[in-house]
Amino acid sequence: MLLPRPWMLGLALLRSALAISTGNCVSFGPKAGGFQVAVTGSARVLVAPNEWPGVVRAAGDFAKDLSTVTGKTLTVMNATSSTASQSKTPIIVGTLGHSDLISAVVNSTNLDVSSISGKWESYIAQQVSNPLPGVDTAYVVVGSDKRGTIYGLYELSEQSGVSPWYWWADVPVQKHSSVYFTGTCAHGEPTVKYRGIFINDEQPAIQSWAQEKFTNGTGAPFNHAFYANVFELLLRLRANYLWPAMWSGMFYVDDATNGALADYYGIVMGTSHQEPMARSTPNEWNRSPRGKWNFTSNAENVTKYWTEGVERVASYGML
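Reading the sequence shown from the start, the letters are residues -19 to -1, 1 to 300 in mature numbering (1 follows the signal peptide of the UniProt record, and there is no 0).
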């Protein structure tokens, strides 16, 4: 799927500005202390039943990425400390305080996670011997929070040969017969806490394109099918923030699942300079009779309108 060029350029500049590289964590040949991915032709990526759903989703992307790179099969499985032994050399993924599996690994091995504990969007990944009963060795990816874990997975995917732009810009996946995760791969808190984009000036470029690709010419173009691809790209670029399309778009109205989807992925939503309190204005204001958009003469309706917007997103990440 080839993205319209102006939008792609803007995101490329974002990626350049972030520059939060972790160094080289991957090799394509044997290396002392390296963990070979799918050494027997298949491998399991283990996550705990109580892990963030968004991390489990990203683990699925990671498994698919490494399967595409190596031609071998990686599968994601729910596991506990007592069932992890079904795989002798798994990749174990989880978030501190939100994964019984990671808690068991830390408790049984004294894995040092002090550098990321309580931090924002941080992670550490390394090979661990005998992490759980019956498991010989594992590569363990631990995040300080949901996005920290997700970023650790996408960093390994990218270094293994999958560009963040594999879908939007048709960047070919680099194939390798063997992939090794080497040493300790880690990243602390980012310098900029919220990093993202505003989908602006979307008509006629990306709006017309989205109308064709995601609605078959009918319905709202900026729906959950469109935004799922946007959210994944942002996370692969290690971004976390989005102002949605707004010329004719109403993020929370066009598709009632948009807000929940952003929260599921781990994207913090905002709105543009003319859309206070998470409402697409004037689009939403004009959907029903509310009087003039004037706080001086119509304060009651304006305040109610804003309050409804805040209440609608109360359970989601919003800035």
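Every residue, glycine too, gets a C-beta built ideally from N, C-alpha and C.
Would you call the segment 234 to 244 in contact with the segment 53 to 70, where contact means no fewer than 3 C-beta pairs closer than 8 angstroms? no
Limits of the unbroken alpha helix (DSSP H) element including serine 62: Counting from 1 along the sequence shown, the entry for residue 62 is found at position 81. From DSSP, serine 62 is part of no alpha helix (DSSP H); its letter is neither H nor E.
DSSP beta-bridge partners of serine 23: For this step, residue 23 is matched to residue 42 along the sequence shown. According to DSSP, serine 23 bridges with Thr54.
Backbone CA spacing between glycine 22 and cysteine 166 [nearest angstrom]: Against the sequence shown, residue 22 aligns to sequence position 41. Against the sequence shown, residue 166 aligns to sequence position 185. Looking at the two C-alpha atoms, the distance is approximately 24 angstroms.
Whose CA, out of Asp182, Leu300, Pro202, lies closest to the CA of tryptophan 190? Along the sequence shown, one-based indexing puts residue 190 at 209. Minimum Cα distance to tryptophan 190 is reached at Pro202.
Just grab the DSSP bridge partners of glutamine 108 for me. Looking up residue 108 in the sequence shown gives position 127. Glutamine 108 is bridged to Tyr120.
Could you say if the segment 169 to 176 and the segment 92 to 107 meet the contact criterion of at least three C-beta pairs nearer than 8 angstroms? yes
Would you tell me roughly how many angstroms separate the C-alpha atoms of serine 48 and valine 152, rounded to the nearest one? If you number the sequence shown from 1, residue 48 lands on position 67. If you number the sequence shown from 1, residue 152 lands on position 171. Rounded to whole angstroms, serine 48 to valine 152 spans 17 angstroms at the Cα level.
Secondary structure at glycine 177, three-state DSSP: helix, strand or coil? To locate residue 177, count along the sequence shown from 1; it is residue 196. The answer is strand: DSSP assigns glycine 177 an E or B state.
Curious, which full-length beta strand (DSSP E) runs of at least 3 residues does the segment 135 to 189 contain? 166 to 168, 177 to 179
Leaving out five residues before and five after valine 7 in sequence, what residues of the same chain have Cβ atoms less than 8 angstroms from its Cβ? For the purposes of this step, residue 7 is identified with residue 26 of the sequence shown, where counting begins at 1. Here the set comprises Leu137, Gln140, Ser141, Val160, Tyr161, Phe162, Thr163.
Alpha carbon to alpha carbon, what distance is there between arginine 176 and arginine 38? Counting from one through the sequence shown, the residue named residue 38 turns up at place 57. Counting from one through the sequence shown, the residue named residue 176 turns up at place 195. C-alpha separation (whole angstroms): 21 angstroms.
Tell me whether arginine 268 is buried or exposed, calling it buried when 16 or more other Cβ atoms sit within 10 Å of its Cβ. Taking the sequence shown and counting its residues from 1, the one referred to as residue 268 is at position 287. So arginine 268 ends up on the exposed side.
Glutamine 255 in three-state terms, based on DSSP: On the sequence shown, residue 255 is found 274 positions in, with the first residue counted as 1. DSSP places glutamine 255 in coil when its eight states are reduced to three.
In this structure, how does DSSP classify valine 7 when only helix, strand and coil are distinguished? On the sequence shown, residue 7 is found 26 positions in, with the first residue counted as 1. Reduced to three states, the DSSP call for valine 7 is strand.
Below 8 angstroms on the Cβ atoms is my guess for serine 80 versus asparagine 5; work out the distance and round it to an integer in Å. In the sequence shown, residue 80 corresponds to position 99, counting from 1. In the sequence shown, residue 5 corresponds to position 24, counting from 1. About 27 angstroms separates the two Cβ atoms, so there is no contact after all.
On the three-state DSSP scale, how would you describe leucine 223? In the sequence shown, counting from the first residue as 1, residue 223 sits at position 242. Residue state, collapsed to three classes: strand.
How would you call leucine 300, buried or exposed, if buried means at least 16 neighbouring beta carbons within 10 angstroms? Along the sequence shown, read from residue 1 onward, the residue named residue 300 stands at position 319. Result: exposed.
Go ahead and pull the three-state DSSP assignment for glycine 75. On the sequence shown, residue 75 is found 94 positions in, with the first residue counted as 1. Residue state, collapsed to three classes: strand.
Please report the Cβ distance between glycine 298 and aspartate 235, rounded to the nearest whole angstrom; I am assuming they are in contact, meaning their Cβ atoms lie under 8 angstroms. Position 317 of the sequence shown holds residue 298. Position 254 of the sequence shown holds residue 235. Not quite, the Cβ-Cβ distance comes to about 19 angstroms (not below 8 angstroms), so this is no contact.
Residues that DSSP places opposite valine 249 in a beta bridge: Sequence index remark: in the sequence shown, residue 249 carries index 268 (1-based). Valine 249 pairs with Tyr222.
Threonine 130 beta carbon less than 7 angstroms from that of valine 36: Translated into the one-based positions of the sequence shown, residue 36 becomes position 55. Translated into the one-based positions of the sequence shown, residue 130 becomes position 149. Contact flag set, yes.
Are the CB atoms of serine 125 and leucine 55 nearer to each other than 7 angstroms? Residue numbering aside, residue 125 sits at position 144 when the sequence shown is read from its first letter. Residue numbering aside, residue 55 sits at position 74 when the sequence shown is read from its first letter. Against a cut-off of 7 angstroms, the Cβ pair of leucine 55 and serine 125 comes out as no contact.
Straight-line CA distance for alanine 13 to glutamate 183? Your numbering for residue 13 matches position 32 in the sequence shown. Your numbering for residue 183 matches position 202 in the sequence shown. So the alpha carbons of these two residues sit roughly 50 angstroms apart.
Are the Cβ atoms of isoleucine 97 and valine 26 separated by less than 7 angstroms? As a position in the sequence shown, residue 97 is number 116, starting the count at 1. As a position in the sequence shown, residue 26 is number 45, starting the count at 1. For isoleucine 97 and valine 26, no; Cβs fall outside 7 angstroms.
By DSSP, does phenylalanine 203 sit in helix, in strand, or in coil? Looking up residue 203 in the sequence shown gives position 222. Reduced to three states, the DSSP call for phenylalanine 203 is coil.
With distances taken Cα to Cα, identify the nearest neighbour of tyrosine 246 among Ala226, Asn197, Trp33, Ala29. In the sequence shown, counting from the first residue as 1, residue 246 sits at position 265. Answer by Cα proximity: Trp33.
What did DSSP end up calling valine 36 once you bin it into helix, strand or coil? Here residue 36 refers to the residue found at position 55 when the sequence shown is read from its first residue. Helix at valine 36.
Taking C-alpha atoms, which residue in Tyr233, Gln107, Leu214 lies nearest to tyrosine 222? By 1-based counting over the sequence shown, the position of residue 222 is 241. For tyrosine 222, the nearest C-alpha among the options comes from Leu214.
Count the other CB atoms within 10 Å of the CB of proline 270; is the residue buried (16 or more) or exposed (fewer)? On the sequence shown, residue 270 is found 289 positions in, with the first residue counted as 1. Looking at its Cβ environment, which holds fewer than 16 other Cβ atoms inside 10 Å, proline 270 is exposed.
Are residue 303 and glycine 75 close, meaning C-beta to C-beta below 7 angstroms? Beyond the ends of the chain as shown, which are -19 and 300, falls residue 303; an answer cannot be given.
Let me check understanding here. Comparing Cα to Cα, which of Ala19, Ala29, Lys69, Met231 lies closest to aspartate 46? Taking the first residue of the sequence shown as 1, we reach residue 46 at position 65. Comparing Cα-Cα distances from aspartate 46 to each of Ala19, Ala29, Lys69, Met231, the minimum goes to Ala19.
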